[in-house]
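Numbering (the UniProt record's numbering), first residue to last: 1 to 682.
A quick write-up on the structure given underneath.
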């Protein structure tokens, strides 16, 4: 039960971290997750979860690297093979010797083999941390691919070097020729085992399909098990499980492209399932990292034998050496050739080299490796300065994450080109792209029984895309910009909702409608207002909506009242909606002026369309109409979610700024409010 509760708390922290990130989007999610994990560890009844290195590698690193290998563009990896090997292998071993000697000189109490071990475990960059940061920062394409390729490969080289350094520290015996041969054998063996096993597994899946076993769930289970099988078998044979997982992912992608092994349904299931798995595993990696930091820090900072300022200075010096060595290594090997790509626009300027140096983020792999250091030596004595080594590793991890989070956005910030017209052109292009994503999502839901609803929703989006051209061409839109347009329309919509509320309240006071009808109207307007409300006002509306939900659970809410209405009650409700729409039109018409003419005309037309639709309603055809409207409502939900996903994807890729993402979400909210209003009382 304790393990179950611990897992629940960790999963809850992952969800909370993403909510916090929406409030403070300039702080990367990994840092928020580390902070939440640390807070959970220091809480009075906090969670203390020992880090088991072997379990950590097989449970988290294997599937994450397998997925990275599956999705990393192979042509880019091949084009950048030389710089990737220079960073993933050459830089790792240079770091081990240079930084290892420097650590021993700086901290004589750490023996030279142990110093080599610390340098080795600090040398690999973390693929999870790199992808988490790169996803939110606009990096040059080749630099991003280089970092991803390096992170795929250098875990193996760093861990192998760490293994031999720690073995030398424990036994006192080290042979450079033997270590070099073992490194080649372990690396090549891991790649071969991963490739062969992946081929066997993909062949098994193809064989099962030929025998008519097309069950998507079974094939999905094989996909999920694959990285664990590859890692465990390779490690059991003494080879690199990490490289086996990477090779397996690459082979899986090659075979899928060659034979088209996934049916559309399996492809959709695979994409959705892996997205959830990756979301959870990525989050758990950083939350677990945060859980370890308080105990690691307390062990050293509360020890009277250590000077806290001096120890933190050691960590800062080691981090500075790693950064400087990475920068110099990249600088040396870019002379006479271009390391990050052949494109002229991606030439290796000082800025690119600095970004490459800062992007070498260390992560949980480093800390997991440090925790694998044995407690005692072969002779029975304690491993020298084990706690200090683990603390220094944790401190360097935090410093690398903080440095990348602060300076990479500054270095990767693109210069603004063009004037206001160019800015509006980009905004229009992105808006259309987001809407096209919604249209494609709706088309994917098309079936013979909902073709009419699909056509209706697609027509709505085509009309909105045409309106974008009109709005961007309008003089007042150019003057106020995108933000002003959204704020103006939101304000007018809230004003119209207020007019509808006043109309319904007046009808209730006159006795023309009963309290149940008024309650249903209030609930509908609250739902629309919740979509439109700002961050301050949203809590008031949310509490009102929650109250309606609680009443509904006890059979007293507007939804239950609506389910008991007769056909005549629905007819009366539609007439009331027509009256409230006319009231909104009257208020909007009175408020119309030159400053808000475009938005006002749009909203007036929106309300007139609702009135016209309600007046065309034929009571005898209610069953078919209700089914059609239910289908439209479902498809609208699919479209809105697709829009939000596209905005988030563009933001994470660095294609749009945080401000533009916020404005796009506000525009999506306006469309969602319009859909909600159209869908009610249909």
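The C-beta atom is built at its ideal place from N, Cα and C for all residues, glycine as well.
For residue 41, the enclosing alpha helix (DSSP H) starts and ends at 29 to 42. The straight-line gap separating the alpha-carbon atoms of residue 229 and residue 203 is approximately 15 angstroms. Rounded to the nearest whole angstrom, the C-alpha separation of residue 4 and residue 575 is 54 angstroms.
The DSSP assignment places no complete beta strand (DSSP E) segment of no fewer than 3 residues inside the stretch 417 to 461. The count of Cβ pairs closer than 8 angstroms, one atom from the stretch 486 to 503 and one from the stretch 583 to 599, reaches three, so the stretches are in contact.
For residue 657, no alpha helix (DSSP H) segment is defined, and its DSSP state is neither H nor E. Around the Cβ of residue 596, a 10 Å sphere holds 16 or more other Cβ atoms; the residue is buried.
Per DSSP, residue 233 is one residue of the alpha helix (DSSP H) stretching across 216 to 236. The Cβ-Cβ distance between residue 148 and residue 95 does not fall below 8 angstroms.
Inter-residue distance for residue 457 and residue 643 is about 14 angstroms (C-alpha atoms, whole angstroms). Here DSSP, grouped into helix, strand and coil, assigns residue 507 to helix. The beta carbon of residue 14 sits closer than 8 angstroms to the beta carbons of 33, 279, 280, 283, 284 and 287 from its chain, once the five residues preceding and following it are set aside; these are given in chain order. Per DSSP, residue 361 is not a residue of any alpha helix (DSSP H), being assigned neither H nor E. Beyond the five residues adjoining it in sequence on each side, residue 465 comes within less than 7 angstroms, by CB distance, of 432 and 435 in the same chain, given in chain order. In terms of Cβ geometry, residue 373 and residue 386 form a close pair [threshold 8 angstroms]. Just so you know, the alpha carbons of residue 300 and residue 309 end up roughly 11 angstroms apart. Judged by DSSP secondary structure, residue 63 falls within the alpha helix (DSSP H) whose first and last residues are 62 to 71.
The Cβ-Cβ distance between residue 358 and residue 408 falls below 8 angstroms. When secondary structure is reduced to three states using DSSP, residue 408 falls in the helix class. For the set 167, 22, 43 and 182, the Cα lying nearest the Cα of residue 157 is the one of 182.
Here DSSP, grouped into helix, strand and coil, assigns residue 382 to strand. Around residue 392, the same chain offers 118, 314, 315 and 318 as residues with beta carbons nearer than 7 angstroms, after the five sequence neighbours per side are excluded. Counting along the chain, residue 108 sits inside no alpha helix (DSSP H), nor does DSSP assign it H or E at all.
Each of 40, 161 and 110 was checked against the Cα of residue 88, and the nearest Cα belongs to 161. A check of alpha carbon separations from residue 48 across 239, 242, 290 and 114 identifies 290 as the nearest.
In the assembly as shown, residue 226 is a buried residue. Its beta-carbon has 16 or more other beta-carbons within 10 Å. Between residue 292 and residue 51 the beta-carbon gap is near 5 angstroms, inside 8 angstroms, which marks them as a contact.
Pairing residue 86 with residue 327 gives a Cβ-Cβ distance that is not under 8 angstroms. As DSSP reads the structure, residue 376 sits in a beta bridge with 382.
The alpha-carbon separation between residue 659 and residue 490 amounts to approximately 17 angstroms. If you compare the alpha carbons of 152, 295 and 661 with that of residue 61, the shortest gap goes to 152.
The criterion of a C-beta distance shorter than 8 angstroms is satisfied by residue 277 and residue 63. Taking a 10 Å sphere around the C-beta of residue 590, we find fewer than 16 other C-beta atoms and assign the residue as exposed.
Under the Cβ criterion (8 angstroms, minimum of three pairs), the stretch 206 to 219 does not count as touching the stretch 166 to 181.
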